[in-house]
Amino acid sequence: MLDIKLIRDQPDFVRQRLAARGAGDERLIDDLLKLDEQWRRQVSEVETLKAQRKRVSKEIGALMGQKKTEEAEARKRETSALGDRIAALDRGAAEAEAARNQLMLRLPNLPHATVPPGKEAADNPVIRVHGEKPSFAFPAKSHVELCEKLGLVDFERATKLSGSGFVLYTNWGAKLERALIQFMLDLHTSAHGYTEVSPPYMVGPQCLEGVGQFPKFADQYYGVQEGLDAGTLGKLYLIPTAETPVANIHREEILKESALPLRYCAYTPCFRGEAGAAGVGTRGMIRVHQFDKVELISIVKPENGYTEHEQMVAGAERVLQSLGLHYRVVLLCTGDMGFASAKTYDLEVWAPGQGSYLEVSSVSNCEDFQARRMNLRFKTEAGDNRFPHVLNGSGTALARLFVALVETCQQADGTLAVPAALQPYLKTERITT
RNA sequence: GGAGAGAUGGCUGAGUGGUUUAAAGCGCACGCCUGGAGAGCGUGAGUGGGCUUAUACCCCACCCUGGGUUCGAAUCCCAGUCUCUCCGCCA
Numbered sequence: 008m009l010d011i012k013l014i015r016d017q018p019d020f021v022r023q024r025l026a027a028r029g030a031g032d033e034r035l036i037d038d039l040l041k042l043d044e045q046w047r048r049q050v051s052e053v054e055t056l057k058a059q060r061k062r063v064s065k066e067i068g069a070l071m072g073q074k075k076t077e078e079a080e081a082r083k084r085e086t087s088a089l090g091d092r093i094a095a096l097d098r099g100a101a102e103a104e105a106a107r108n109q110l111m112l113r114l115p116n117l118p119h120a121t122v123p124p125g126k127e128a129a130d131n132p133v134i135r136v137h138g139e140k141p142s143f144a145f146p147a148k149s150h151v152e153l154c155e156k157l158g159l160v161d162f163e164r165a166t167k168l169s170g171s172g173f174v175l176y177t178n179w180g181a182k183l184e185r186a187l188i189q190f191m192l193d194l195h196t197s198a199h200g201y202t203e204v205s206p207p208y209m210v211g212p213q214c215l216e217g218v219g220q221f222p223k224f225a226d227q228y229y230g231v232q233e234g235l236d237a238g239t240l241g242k243l244y245l246i247p248t249a250e251t252p253v254a255n256i257h258r259e260e261i262l263k264e265s266a267l268p269l270r271y272c273a274y275t276p277c278f279r280g281e282a283g284a285a286g287v288g289t290r291g292m293i294r295v296h297q298f299d300k301v302e303l304i305s306i307v308k309p310e311n312g313y314t315e316h317e318q319m320v321a322g323a324e325r326v327l328q329s330l331g332l333h334y335r336v337v338l339l340c341t342g343d344m345g346f347a348s349a350k351t352y353d354l355e356v357w358a359p360g361q362g363s364y365l366e367v368s369s370v371s372n373c374e375d376f377q378a379r380r381m382n383l384r385f386k387t388e389a390g391d392n393r394f395p396h397v398l399n400g401s402g403t404a405l406a407r408l409f410v411a412l413v414e415t416c417q418q419a420d421g422t423l424a425v426p427a428a429l430q431p432y433l434k435t436e437r438i439t440t
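First residue of the first sequence: 8, per our numbering; consecutive thereafter.
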């Protein structure tokens, strides 16, 4: 959520920054200012009346105390109409405020000044490249073929269980998935200072609203119903990312300044409806309804937001480096950023069998956008309550990492050479049938 | 799922319709006192919003949430949420 005071004081600046994102949201600013103006007018009017009512009620109380019943009754009659007027004005003000807030919740974050202008993914500049594309003395196979030959994934039976977009890891595939999760958690908690948490996989709608997934993108997530009780539908949602529960851990709290920075690391499965994405990358496991991910969340003082951001990207990169994967870091342009983000880097890992880069991490500084929605604050030494910066980054997402790893590690004989970093977890140097 | 109890400020806890702002205690901050500390004394301190150059003044709202009754609600009425205890079921 943007700061209403910023919108009031610098509407042109806000319009300009929203326009840079290219979604046309800047047109909402006029409506919003109109509603805000209306709300403020009604509030100050109703508050005057409330002050009056309060005064008279006290006088009536005093008269009653002095047994001046007749006078008290007379004052009551005079004031009886006041209540109705207040109620009517209150209702009008509440409506204007609610309408204003609905608009506020639908406005995306403003891009940071260092975000390059652009319309789409093709406009994202590559910031750096790590390593080189591996070359093979044989034709590189796709992960689909490798996984089937080595029995790592059973695509057909996954479909039998849950339809398309689901993965059944089997044997070494399941072990590899688990090894990757544990390797990443260990790396972030021991080397990067994150505290491991294991959150609920179902959350209330307020958590989705808090991070900016609701209300605008409500059609992309799975709502849960308890048994046959349709009345419970919509009370809980399957998390689309660990960001949803973890960033909300301290919602509605006022943290001590000394508690910051807070750094959390969590493994969770992620559930995504991917509505409208049918047919796009559905082959194999590039785009699925359920995947595993290790997520990083930082809550920091605003002045430290962007150094934390760089540090978080470096932490996610370390995962790919340790696994010997070739990747590049991309800075998302204004038109390609997520709703809540002010600045985002994507990590794209090379998948030889696909002949393309796969997005395995997205690291964003949402500045105070989410903190405002969650009403998460910290109290400074001086006693002021301020909104912290909230950052999230994948560290990293599986399924796609699995794909890139399998395709990168393939050998001429169709087996996989396990990277040194994973050997302690898998207790083998080679994955064969 | 059944039965009961409860939800008040950072914490404990009083308050069942009014006459000044939610008593009191603990904890907290500052000051006085002291060589220093403690005790003691004094002062202050919540959150959001409106009005403002202003974190000043003034005003409004907030005693779990949402409705209602009333001139007036922490207090009365209705609905809901959550927590705790016991029972049942259960990994």
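Yeah, the Cβ is synthetic: ideal placement off N, Cα and C, and Gly gets one too.
Within its chain, find whatever has a CB closer than 6 Å to the CB of residue i; leave out the 5 residues flanking it on each side and keep chain order.
{"i": "Phe145", "result": "Ala419"}
{"i": "Leu42", "result": "Ala103, Ala106, Arg107"}
{"i": "Thr202", "result": "Tyr271"}
{"i": "Lys75", "result": "none"}
{"i": "Val287", "result": "Bear in mind that a pLDDT of 48 at Val287, under 50, signals an unreliable position, so the number given afterwards is only what the model happens to contain. Within the same chain, Val287 has no close Cβ partners at all."}
{"i": "Lys350", "result": "His119, Val122, Asn372"}
{"i": "Ala378", "result": "Phe394, Pro395, Val397"}
{"i": "Gln45", "result": "Ala103"}
{"i": "Lys156", "result": "Gly421"}
Run through DSSP, which three-state label would residue i get?
{"i": "Leu25", "result": "helix"}
{"i": "Arg393", "result": "strand"}
{"i": "Thr121", "result": "coil"}
{"i": "Gln297", "result": "strand"}
{"i": "Phe346", "result": "coil"}
{"i": "Gln417", "result": "strand"}
{"i": "Glu260", "result": "coil"}
{"i": "Leu112", "result": "helix"}
{"i": "Lys6", "result": "Look at the range of the chain in this structure, 8 to 440, and you will see that residue 6 is not part of it."}
{"i": "Asp38", "result": "helix"}
{"i": "Val337", "result": "strand"}
{"i": "Tyr364", "result": "strand"}
{"i": "Asp236", "result": "strand"}
{"i": "Cys373", "result": "coil"}
{"i": "Ile246", "result": "coil"}
{"i": "Val287", "result": "Note that Val287 has pLDDT 48, beneath the 50 cutoff, so the model's placement of it is unreliable and the number below is only indicative. It is coil, neither helix nor strand."}
{"i": "Gly158", "result": "coil"}
{"i": "Thr55", "result": "helix"}
{"i": "Gly402", "result": "strand"}
{"i": "Glu139", "result": "coil"}
{"i": "Pro431", "result": "helix"}
{"i": "Val151", "result": "helix"}
Spatial neighbours of residue i within its chain, please: C-beta separation below 8 Å, excluding the five flanking residues on both sides.
{"i": "Gly312", "result": "Asn372, Glu374, His396, Leu398"}
{"i": "Thr4", "result": "Beyond the ends of the chain as shown, which are 8 and 440, falls residue 4; an answer cannot be given."}
{"i": "Ile261", "result": "Arg384, Phe385, Lys386, Asn392"}
{"i": "Leu153", "result": "Leu159, Gly360, Val413, Glu414, Gln417, Gly421, Leu423"}
{"i": "Arg113", "result": "Asp32, Leu35, Pro222, Lys223"}
{"i": "Met191", "result": "Tyr274, Val301, Val326, Gly402, Thr403"}
{"i": "Pro18", "result": "Ile36, Leu40"}
{"i": "Leu168", "result": "Leu175"}
Assuming the contact rule is C-beta atoms closer than 8 Å, residue i and residue j should be a hit. Round their C-beta distance to whole Å, please.
{"i": "Leu187", "j": "Leu408", "result": "6 Å"}
{"i": "Tyr352", "j": "Ile134", "result": "7 Å"}
{"i": "Leu96", "j": "Glu66", "result": "The Cβ separation is near 22 Å, so there is no contact."}
{"i": "Val307", "j": "Leu267", "result": "6 Å"}
{"i": "Gly291", "j": "Val151", "result": "5 Å"}
{"i": "Leu70", "j": "Ala79", "result": "4 Å"}
{"i": "Leu9", "j": "Leu117", "result": "7 Å"}
In terms of alpha-carbon separation, which member of the options lies closest to residue i?
{"i": "Met344", "options": "Ala26, Pro207, Val326", "result": "Ala26"}
{"i": "Leu354", "options": "Ala30, Thr341, Thr86, His137", "result": "His137"}
{"i": "Leu86", "options": "Gly125, Gln232, Gln59, Gly362", "result": "According to the sequence displayed, residue 86 carries Thr and not Leu. Ranking Gly125, Gln232, Gln59, Gly362 by Cα distance to Thr86 puts Gln59 first."}
{"i": "Arg164", "options": "Lys156, Thr177, Gln23", "result": "Thr177"}
{"i": "Val370", "options": "Leu339, Pro426, Phe394", "result": "Leu339"}
{"i": "Tyr189", "options": "Tyr432, Arg437, Thr439, Ile438", "result": "One detail in the question is off: residue 189 reads as Gln in this sequence, not Tyr. Closest by alpha carbon: Tyr432."}
{"i": "Leu240", "options": "Ala249, Thr248, Tyr228", "result": "Tyr228"}
{"i": "Glu54", "options": "Gly68, Arg84, Arg98", "result": "Arg98"}
{"i": "Met1", "options": "Ser363, Gln220, Ala389", "result": "The requested residue 1 is not part of the displayed model; the chain covers only 8 to 440."}
{"i": "Pro206", "options": "Ala100, Ala249, Pro212, Ile11", "result": "Ala249"}
{"i": "Ala347", "options": "Pro115, Ile93, Leu9, Asp38", "result": "Pro115"}
{"i": "Ala457", "options": "Lys140, Arg48, Ser149", "result": "Nothing in the structure corresponds to residue 457, since the chain is present only between 8 and 440."}
Excluding five sequence neighbours on each side, which residues of the same chain lie with their C-beta closer than 7 Å to the C-beta of residue i?
{"i": "Val295", "result": "Gly172, Phe173, Val174, Ala406"}
{"i": "Tyr208", "result": "Leu245, Ile246, Thr275, Pro276"}
{"i": "Leu365", "result": "Ile293, Glu355, Val356, Ala358, Arg407, Val410, Ala411"}
{"i": "Lys126", "result": "Gly29, Gly342"}
{"i": "Cys214", "result": "Thr251, Pro252, Asn255"}
{"i": "Gly200", "result": "Arg270"}
Please confirm whether any heavy atom of the ligand GTP lies closer than 7 Å to the CB of residue i.
{"i": "Met8", "result": "For the ligand GTP, the structure offers nothing, since it holds no ligand at all."}
Sufficient close CB pairs (3 or more, under 8 Å) joining the segment 329 to 339 to the segment 301 to 318: no
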